Amino acid sequence: MTETSKLIGRKDGRDLLRHTFGVRLPEVKTGDHLFLDEEVWCVTRIDRRKANLKRLIPSLAQKTVEIDFLRNVPLLDNLSEVQPVSHRGREYLLLDPFTLQTVEAISPEDWKGDKISALRYGNDTYFIWD
């Protein structure tokens with residue numbers, strides 16, 4: 017953070033100053049999805065110099081990285097909702113929202129939700145089980 021002061025005039029014999037504060041915001045925000053180390057991660061928390069990440073695919077894990085490390089990491093911003101076509105137990109037949117083809121998938125063991133989202137990076141589609 018930088019602070020600068022500029023004299024903008026005088027009133028009643030006193031200097032009037034305008035204070036300007038410059039703040040550099042990180043390029044990532046809480047809730048953004050990243051593609052890092054061949055895996056999909058979600059930003060769960062941002063501190064002053066570090067960010068906490070949660071791995072979404074293939075299994076849940078957490079790690080903390082420096083914010084400067086995330087400057088050149090590709091952001092996955094096109095989060096789309098997935099329509100399940102059918103399911104039996106943990107096996108699902110999903111409609112890929114990007115290619116409009118059906119895809120076979122197996123849900124995580126402890127997944128109890130009903131919302132499935134998809135992210136696209138390159139030619140690959142990654143499903144997120146919320």
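Counting from 17, one number per residue, gives the positions in the sequence shown under my numbering. We treat Cβ as the ideally placed atom computed from N, Cα and C, and that holds for glycine. Quantities reported herein were computed from a predicted structural model and do not represent experimental measurements.
For residue i, does the three-state DSSP call read helix, strand or coil?
i	result
Phe-114	coil
Asp-140	strand
Trp-145	strand
Glu-120	strand
Glu-125	coil
Does the beta-carbon of residue i have 16 or more other beta-carbons within 10 angstroms, so that it is buried, or is it exposed?
i	result
Ala-134	buried
Trp-127	exposed
Asp-84	exposed
Ala-77	exposed
Ile-132	buried
Leu-116	exposed
Val-39	exposed
Leu-69	buried
Asp-63	exposed
His-49	buried
DSSP puts residue i in a beta bridge; with which residues?
i	result
Arg-40	BP columns for Arg-40 are empty, so no partner.
Gly-29	According to DSSP, Gly-29 bridges with nothing at all.
Val-59	Leu-69
Trp-21	Per the sequence shown, residue 21 should be read as Ser rather than Trp. For Ser-21, which the question treats as bridged, DSSP gives the partners His-35.
Hey, quick one: how far does the beta strand (DSSP E) through residue i stretch, first residue to last?
i	result
Pro-100	99-104
Ile-83	Element bounds for Ile-83: n/a, residue is neither H nor E.
Ser-133	132-137
Please tell me whether, using a cut-off of 7 Å, the distance from the CB of residue i to the nearest non-hydrogen atom of the ligand HEM is below it.
i	result
Arg-71	The ligand HEM is not part of this structure, which contains no ligands at all.
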